[in-house]
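Asks: Heads up: the sequence shown at position 23 corresponds to 61 in my numbering, and the numbers run straight through without jumps. C-beta: ideal position from N, C-alpha, C; glycine also.
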Amino acid sequence: MTRSPTRSGARPGRNRGEWRPAADLPVARVAVDVPLAHLDRPFDYRVPEHLDAQAVAGVRLRVRFAGRLVDGFLLERVAESAHPGKLAWVEKVVSPEPVLTAEVAALCRAVADRYAGVMADVLRLAVPPRHAKAEAEAPATRTAHPAERTTTDEPAARDAWRRYPRGAAYLDALTGGKAAHAVWQALPGEQWPQRLAEAAAATVAAGRGALLVAPDQRDVDALHAACAARLGADAVVALTAELGPAERYRRWLAVRRGHVRVVVGTRSAAFAPVDRLGLLAVWDDGDDLHAEPRAPYPHVRDVLVLRAHAAGAALLVAGFARTAEAHLLVSSGWASEVVADRATVRSAMPRVAALGESDAQLARDPDSRAARIPHVAFEAARAALGAGRPVLVQVPRAGYLPWLACGSCRETARCRHCAGPLGLPPHRTGGDRTGGDGAGGLPQCRWCGRTDSAFRCPACGSRRLRAGVVGAGRTAEELGRAFSGVTVRSSGGGSPVLAEVRHRPELVVATPGAEPRAVEGYGAALLLDGWALLSRPDLRVAEETLRRWLAAAALVVPHGDGGRVVVVADSGLPVVQALVRWDPGGHAAAEYAARAEVGFPPAVRMAAVEGGPAAVAEVLAEIPDAEVLGPVEIDPPGGAPGAPAELRERALLRVPRAEGKGLAAALHAAQAARSARKAPDPVRVRLDPPEIG
39 MTRSPTRSGA RPGRNRGEWR PAADLPVARV AVDVPLAHLD RPFDYRVPEH LDAQAVAGVR
99 LRVRFAGRLV DGFLLERVAE SAHPGKLAWV EKVVSPEPVL TAEVAALCRA VADRYAGVMA
159 DVLRLAVPPR HAKAEAEAPA TRTAHPAERT TTDEPAARDA WRRYPRGAAY LDALTGGKAA
219 HAVWQALPGE QWPQRLAEAA AATVAAGRGA LLVAPDQRDV DALHAACAAR LGADAVVALT
279 AELGPAERYR RWLAVRRGHV RVVVGTRSAA FAPVDRLGLL AVWDDGDDLH AEPRAPYPHV
339 RDVLVLRAHA AGAALLVAGF ARTAEAHLLV SSGWASEVVA DRATVRSAMP RVAALGESDA
399 QLARDPDSRA ARIPHVAFEA ARAALGAGRP VLVQVPRAGY LPWLACGSCR ETARCRHCAG
459 PLGLPPHRTG GDRTGGDGAG GLPQCRWCGR TDSAFRCPAC GSRRLRAGVV GAGRTAEELG
519 RAFSGVTVRS SGGGSPVLAE VRHRPELVVA TPGAEPRAVE GYGAALLLDG WALLSRPDLR
579 VAEETLRRWL AAAALVVPHG DGGRVVVVAD SGLPVVQALV RWDPGGHAAA EYAARAEVGF
639 PPAVRMAAVE GGPAAVAEVL AEIPDAEVLG PVEIDPPGGA PGAPAELRER ALLRVPRAEG
699 KGLAAALHAA QAARSARKAP DPVRVRLDPP EIG
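#1: To which residues does DSSP link Val430 through a beta bridge?
#2: Does the stretch 220 to 232 touch the stretch 588 to 596, meaning 3 or more C-beta pairs lie closer than 8 Å?
#3: Look at the Cβ atom of Val142, then the Cβ atom of Leu99, and state whether they are nearer than 9 Å.
#4: Going straight from the alpha carbon of Arg688 to that of Glu648, what length do you get?
#5: Please state the DSSP three-state secondary structure of Glu375.
#6: Take every Cβ of the stretch 159 to 172, pair it with every Cβ of the stretch 278 to 296, and state whether three or more of those distances are shorter than 8 Å.
#7: Which value, in whole angstroms, describes the spacing of the CA atoms of Ala95 and Arg299?
#8: So, under 8 Å CB-CB, Tyr630 and Ala646 are touching, yes? Tell me the CB distance rounded to an integer number of Å.
#9: How would you write the range of the alpha helix (DSSP H) that Phe81 sits in, first residue to last?
#10: Can you say whether Pro167 is buried or exposed, counting buried as having 16 or more other CB atoms within 10 angstroms of its CB?
#11: For Ala443 versus Glu449, is the C-beta spacing smaller than 9 Å?
#12: What would DSSP say about His625, mapped onto helix, strand or coil?
#13: Check each candidate in Pro73, Leu685, Arg519, Gly424 and name the one with the smallest Cα separation from Phe103.
#14: Have a look at Val524 and Gly601 and give me their C-alpha separation to the nearest angstrom.
#15: Between the C-alpha atoms of Ala164 and Leu209, what's the straight-line distance to the nearest angstrom?
#16: Is the separation between the beta-carbon of Glu544 and that of Pro428 shorter than 9 Å?
#17: Between which two residues does the beta strand (DSSP E) harbouring Ala392 extend?
#18: Kindly indicate which residue of Ala93, Arg152, Ala144 has the alpha-carbon position closest to the one of Pro136.
#19: What first and last residue would you give for the alpha helix (DSSP H) that runs through Gln615?
#20: Report all residues from its chain with a CB closer than 8 Å to the CB of Pro612; omit the five preceding and five following residues, and keep chain order.
#21: May I have the straight-line CA-CA distance separating Glu729 from Val355, to the nearest angstrom?
#22: Is the CB-CB distance between Ala657 and Gln615 below 9 Å?
#23: Identify, in the order they occur along the chain, each residue of the same chain with its Cβ nearer than 8 Å to the Cβ of Glu280, setting aside the five sequence neighbours on each side.
#24: Quick one: residues in its chain with C-beta nearer than 7 Å to the C-beta of Asp719, no 5 flanking neighbours on either side, listed in chain order?
#25: Excluding the 5 residues flanking Pro554 on each side, which residues of the same chain have their C-beta closer than 8 Å to its C-beta?
#26: Just mark Cys498 as buried or exposed, buried being the case when its beta carbon has 16 or more other beta carbons within 10 Å.
#27: Tell me the residue span of the alpha helix (DSSP H) that contains Leu705.
#28: Along the alpha helix (DSSP H) that carries Ser369, what are the first and last residues, could you check?
#29: Determine the closest residue to Glu56 out of Glu114, Trp127, Ala75, with distance taken between C-alpha atoms.
#30: One question on the structure: do Gly155 and Pro334 come within less than 9 Å of each other, judged by their Cβ atoms?
#31: Check whether the Cβ atoms of Thr361 and Arg643 lie closer than 9 Å to each other.
#32: Residues bridged to Leu261 by DSSP?
#33: Helix, strand or coil for Asp608 per DSSP?
#34: Less than 8 Å between the CB atoms is what I'm expecting for Ala702 and Leu685, so what's the real figure, rounded?
#35: Just verifying my parser: in three-state terms, what is the DSSP assignment at Pro569?
#36: Candidates Ser522, Ala319, Asp379, Gly637: which alpha carbon is nearest Ala351's?
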């Protein structure tokens with residue numbers, strides 16, 4: 039669009055009374071950087087004539103707001119404003135670089151609305167801070183790699199995807215530029231970075247861009263290497279928090295200017311301004327690293343679903359495990375599942391054994407149910423070490439966790455009213471309720487707040503309670519004594535995270551998420567302390583436990599090559615059976631059905647409201663149509679040593695999924711009313727929180 043040129047040699051006068059508005063589209067709609075809910079809307083400003091050429095949609099600018107200069111983004115230029123009063127001027131265009139695209143701006147608005155947040159907070163996640171030196175650099179020229187100009191019909195890529203009945207068809211859909219939505223269940227031992235790179239190459243062959251999101255730096259590195267090998271090193275960029283501000287902005291600008299068609303990165307990359315977006319993919323959507331810890335706390339999976347719907351792009355939710363949210367996408371018909379048949383799964387998976395799997399196992403080792411490392415686990419480790427392969431030992435992180443468990447069988451203590459986890463109220467100490475090692479207090483539900491003075495374990499009938507404790511500090515030392523002469527290495531849990539281990543007999547003790555890849559696969563995996571993982575007082579405990587187990591077991595060679603996995607947990611548990619059968623899809627379906635029965639996400643929309651008692655009550659009063667659980671007292675945020683503890687409460691609100699948009703709007707309105715009257719006590723609102731414990 040042609041702009042009126044500035045008068046030759048004219049400079050803006052110091053007196054704003056001398057400024058003249060631009061002749062064409064003189065009004066700018068601006069998203070100001072003010073994170074207050076009652077100001078969460080665009081504001082109109084006059085564009086002065088001397089800034090006419092620079093003030094294009096998407097640029098950063100500065101405007102005067104409430105008597106001070108603030109930053110903002112120019113959303114659009116219009117002919118006139120609906121505001122009846124006099125408009126202030128745009129003071130300055132910070133940079134002529136249009137960094138905010140219309141597609142990303144609309145996405146930020148949609149994300150803020152879904153999570154009852156403020157658009158200014160989402161824009162901070164979407165657009166990185168400006169680095170003037172990087173912005174002034176001349177863009178590097180690049181030549182298209184041959185793979186970008188051809189179809190991805192290589193036999194190797196097709197054969198790998200043909201292991202899944204719908205895999206080749208999905209690749210064809212990407213090559214044809216279709217908006218295909220799928221949930222991909224990766225086989226054990228699958229080279230998933232190569233498969234996602236093949237999907238990205240198919241998208242690029244159709245003349246469109248691809249955006250691939252992984253949970254951590256190790257996964258991003260593997261995915262970036264696979265994409266670079268297929269498309270060329272200059273055809274793909276990685277966007278992660280590990281980069282410095284200059285390099286991150288430099289790479290982000292290459293994407294914004296359309297010089298790069300494929301982006302891989304961690305959660306903030308979900309907003310990357312990829313040109314002609316054709317594919318959005320997320321690996322391991324159940325990983326908690328995909329949940330943004332800053333307001334409004336969006337989840338990568340939900341951001342990509344919103345973006346795929348708005349942009350008409352394909353979506354691929356991929357992983358070894360499957361979340362209940364991914365199952366909802368399939369069961370609703372919005373996405374198709376890409377899974378292998380049972381024969382292919384059985385041929386690719388290792389043999390999985392659990393405690394109590396057979397009477398013969400218990401006869402050989404009667405104490406196996408109580409042992410931390412039972413005899414069957416030692417046998418599997420010795421066999422793998424004897425074959426010259428490394429052995430993976432997965433151990434939960436050490437530390438004290440705030441929940442109560444049965445003192446006899448270690449089953450999580452749950453509320454008889456809402457099935458929430460029982461815990462001791464904050465500011466009280468205690469161990470065993472029957473007098474163990476502290477004063478104690480009546481157990482209280484961490485969801486609905488009811489006390490339970492007559493607890494009885496439904497599994498064993500015991501009335502004793504104990505604190506749930508995860509201890510993994512001495513695992514490497516214990517294994518070193520048990521396997522004398524064998525190297526024991528640690529990854530995570532206070533030790534450096536290893537990226538890879540060589541093909542040699544050694545023990546690798548790793549915490550969940552820190553398991554290094556073995557060059558030729560592990561010979562065995564020992565999944566210890568299953569009771570500790572399954573005893574955590576979290577809504578997603580079974581789903582998260584299976585996800586961690588599958589991630590470790592997928593690194594083991596198939597059963598035909600001698601691969602074995604031993605999980606130290608009762609074989610009768612549904613989550614253990616899902617691992618033994620390698621059936622994450624069936625477990626996700628059962629998990630979703632169980633949550634629907636008791637009314638928890640994703641079957642419903644839920645909001646957690648946290649703050650001082652008066653502030654929480656104030657917000658709840660504005661939401662009359664939602665069911666309320668609580669409020670309950672929660673642990674206060676960390677403060678200065680010796681400072682008096684601040685009393686904080688949390689209430690859970692839930693509504694049917696169809697009313698989720700209304701709940702988010704009502705919570706936003708309540709927050710807007712509080713910020714407008716400058717309420718002193720802050721309230722944190724989280725929609726569909728990943729953890730409810």
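Replies: Put simply:
#1: Going by the sequence as given, residue 430 is Leu instead of Val. Bridge partners of Leu430: Val546, Ala563.
#2: yes
#3: no
#4: 4 Å
#5: strand
#6: yes
#7: 22 Å
#8: So it is not a contact: roughly 20 Å between Cβ atoms.
#9: Unbroken run through Phe81 is the beta strand (DSSP E), 81 to 84; no alpha helix (DSSP H).
#10: exposed
#11: yes
#12: helix
#13: Pro73
#14: 19 Å
#15: 29 Å
#16: yes
#17: 389 to 393
#18: Ala93
#19: 612 to 619
#20: Ala580, His625, Ala628
#21: 20 Å
#22: Going by the sequence as given, residue 657 is Val instead of Ala. Contact: no.
#23: Gln255
#24: Gly649, Gly650, Ala652, Ala653
#25: Ser529, Val535, Leu536, Ala537, Glu538, Val539, Val546, Ala548
#26: exposed
#27: 698 to 714
#28: 362 to 369
#29: Trp127
#30: yes
#31: no
#32: DSSP, once it has assigned bridges, lists no residue as partnering Leu261.
#33: strand
#34: Not quite, the Cβ-Cβ distance comes to about 27 Å (not below 8 Å), so this is no contact.
#35: It should be noted that the sequence gives Trp, not Pro, for residue 569. DSSP places Trp569 in helix when its eight states are reduced to three.
#36: Ala319
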